[in-house]
Amino acid sequence: MQETIKSSEQAIALEDKHGAHNYHPLPVVLARGEGVFMWDVEGKKYYDFLSAYSAVNQGHCHPRILDTLIQQGGTLTLTSRAFYNDQLGPFEKYITEYFGFDKVLPMNTGAEAVETCIKIARKWGYEKKGVAENAAQIIVAKNNFHGRTTTVISFSNDNNARDNFGPYTPGFIPVDYDDPKAVREAFESNPNVVAFLVEPIQGEAGVYRPSNDYIRECKKICEEFDALLIADEIQTGIARTGSLLAVCGDCSCKGHCERQEETYVRPDMVVLGKAISGGFYPVSAVLADDAVMNVIGPGQHGSTFGGNPLGVKVATTALEVVRDEKLAANARKLGHIFRERMQNVVDKYDLVKLVRGKGLLNAIVINDSEDSSTAWDICMKLAENGLLAKPTHGNIIRFAPPLVITEEQIHDCCDIIERTIANFNK
Ligand SMILES: *Cc1c(COP(=O)(O)O)cnc(C)c1O
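Numbered by my numbering, the letters in the sequence shown go through residues 204 to 629 in order.
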């Protein structure tokens with residue numbers, strides 16, 4: 204019979220003994236979630252300031268999404284794509300109208316969706332652009348994070364993620380992030396570039412927000428060289444950064460509309476994952492127009508679970524919640540308050556060097572060396588004080604609460620963070 208968990212120590216010991224050690228979690232064992240809160244097995248309550256890497260933008264166990272899960276879970280869950288199902292078509296219509304693209308290709312995890320757009324871009328390159336067989340190149344940004352598959356880690360420059368997993372997949376050209384000139388040079392020195400794959404804000408790298416015109420400039424360069432701009436919005440998308448997509452930019456609509464025409468830069472492909480699940484059931488998707496998506500024919504790509512009725516029904520409700528509860532506008536408004544409060548902390552305490560981010564995807568940089576344990580130690584103290592966050596790289600702590608957080612709660616959280624910083628090492 205399965206063991207019942209009665210303490211954190213017991214749960215951690217079980218994972219340590221029986222699970223692969225492919226993560227290094229904070230020693231907190233969570234047992235329940237609701238909205239912005241989670242509770243550990245001892246019953247201690249925490250604010251969630253990670254949101255499962257932005258997969259729970261709608262808040263934990265959102266009742267509307269839960270209803271959908273239960274309803275569809277008792278009706279039809281999986282058919283495979285050997286047959287049609289009555290949920291996929293409506294979902295495809297809904298999501299393509301929602302984001303303004305002709306077509307969608309549904310998958311399950313983020314990494315799979317990134318793999319999907321790599322395959323589409325290469326095939327487009329051979330069949331539409333006329334690149335010679337096996338010569339296609341894709342430009343990527345240094346310090347990217349696009350997932351964990353063999354091909355995706357092939358163009359990572361994080362040694363820990365990459366070392367001893369070779370041989371690596373060829374066909375990728377790394378350039379500096381936030382440097383359109385570097386993108387142009389890569390195009391100029393290689394006629395076989397079919398696409399530029401980029402995160403509109405680099406999340407895992409430490410919430411690096413590029414200059415305002417970066418994506419727009421890159422789009423222009425891609426057009427000039429007849430190549431595709433691929434935006435990986437797996438972490439930044441679905442209202443996280445204060446608009447439906449980070450490529451929507453900062454227009455005056457304040458996050459209310461779907462496509463912010465004034466500042467919107469339209470990628471040729473958008474990759475979605477994480478929050479499209481509502482935190483319930485893994486769903487990912489690639490959006491593109493016909494001229495790109497139609498290069499894929501039957502048998503050339505797919506997944507047993509991709510487009511399954513349970514997943515797409517959950518994803519539809521997850522997107523409805525984002526729209527109906529105006530989560531983009533909330534993220535935008537509370538993001539300003541959060542950064543203002545954190546700037547105050549930066550000004551007051553030497554321990555924190557800076558705050559940066561957009562919407563409710565933010566990070567503080569701790570004033571210590573990148574290999575120090577200070578950021579980790581601060582996260583341990585934050586947990587003690589009832590707020591869960593995790594260092595991204597070395598001395599950077601990411602703060603990304605569920606987007607259903609209220610103004611009062613965000614102030615409460617800023618108080619916790621400020622108090623923790625003020626008392627650290629005292
Ligand atoms: C999380 C993430 C991925 C990978 O998604 P998985 O579901 O973990 O495979 C890819 N790109 C970005 C930008 C991400 O944040």
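Even glycine gets a Cβ: it sits at the ideal position worked out from N, Cα and C.
Within the DSSP bridge table, the entry for N565 names G560, F602 as partners.
The straight-line gap separating the alpha-carbon atoms of F286 and T312 is approximately 22 Å. Here L432 carries a strand assignment [DSSP, helix/strand/coil]. In this structure I273 is exposed. Its beta-carbon is surrounded by fewer than 16 other beta-carbon atoms within 10 angstroms. When the beta-carbon positions are compared, N565 and L554 stay at least 7 Å from each other.
If you check the C-beta of Q438 against ligand 1, you find a heavy atom less than 6 Å away. Of the candidates H504, T439, G500, T439 places its Cα closest to the Cα of G476. For A592, the shortest C-beta to heavy atom distance toward ligand 1 is 6 Å or greater. Judged by DSSP in its simplified three-state form, L217 adopts helix. In the structure shown, R235 adopts extended strand secondary structure according to DSSP, grouped into three states. I208 sits in coil when the DSSP states are folded into three classes, being neither helix nor strand. Nearest C-alpha to P470 among I540, W242, F304: F304. A534 places its beta carbon 7 Å or farther from that of A603.
For the alpha helix (DSSP H) assignment, the uninterrupted runs of no fewer than 4 residues enclosed by the segment 454 to 530 are, from N- to C-terminal side, 493 to 496, 512 to 527. Its chain contains T507 as the residues whose beta carbon lies nearer than 7 Å to that of S283, once the 5 sequence neighbours on both sides are disregarded; these appear in chain order.
In the three-state DSSP reduction, I404 falls in the coil class, being neither helix nor strand.
Taken in chain order, the complete alpha helix (DSSP H) segments of 4 residues or longer contained in the segment 332 to 409 are 353 to 357, 362 to 365, 383 to 391.
Residue state for V307 is assigned as strand, using DSSP reduced to three classes.
The C-beta separation of I599 from A578 comes to about 7 Å, placing the pair in contact by the 8 Å criterion. In this structure, V307 sits away from T319, with a CB-CB distance that is not shorter than 7 Å.
When distances are taken from the beta-carbon of H349 to the heavy atoms of ligand 1, the shortest one is below 6 Å.
Counted as a single uninterrupted DSSP element, the beta strand (DSSP E) harbouring F240 occupies residues 240 to 243.
For G406, the CB falls within less than 6 Å of some heavy atom of ligand 1. Of the residues H596, L591, G597, the one whose Cα lies closest to the Cα of P605 is L591. Put simply, the backbone Cα of H539 is about 10 Å away from that of M545. For P594, the closest of L217, Y226, L447 by C-alpha to C-alpha distance is Y226. In this structure, F252 and C616 form a Cβ contact; the two beta carbons are roughly 7 Å apart against a cut-off of 8 Å. Here V401 is not near A339, since their CB atoms are 7 Å or more apart. For D251, the enclosing beta strand (DSSP E) has its first and last residue at 248 to 251. When only Cα atoms are considered, N360 and T278 end up about 45 Å apart.
Counting every other CB atom within 10 Å of its CB across the protein chains shown gives E336 a total below 16, marking it as exposed. Non-local beta-carbon contacts of V334 in its own chain, meaning distances under 7 Å to residues more than five positions away in sequence, involve G328, N395, V397 in chain order. With fewer than 16 other CB atoms across the displayed protein chains lying within 10 angstroms of its CB, S575 is exposed. When only Cα atoms are considered, G510 and N288 end up about 9 Å apart. Taking the Cα of D270 as reference, the smallest distance to any Cα among E611, G560, V524, V548 is reached at V524.
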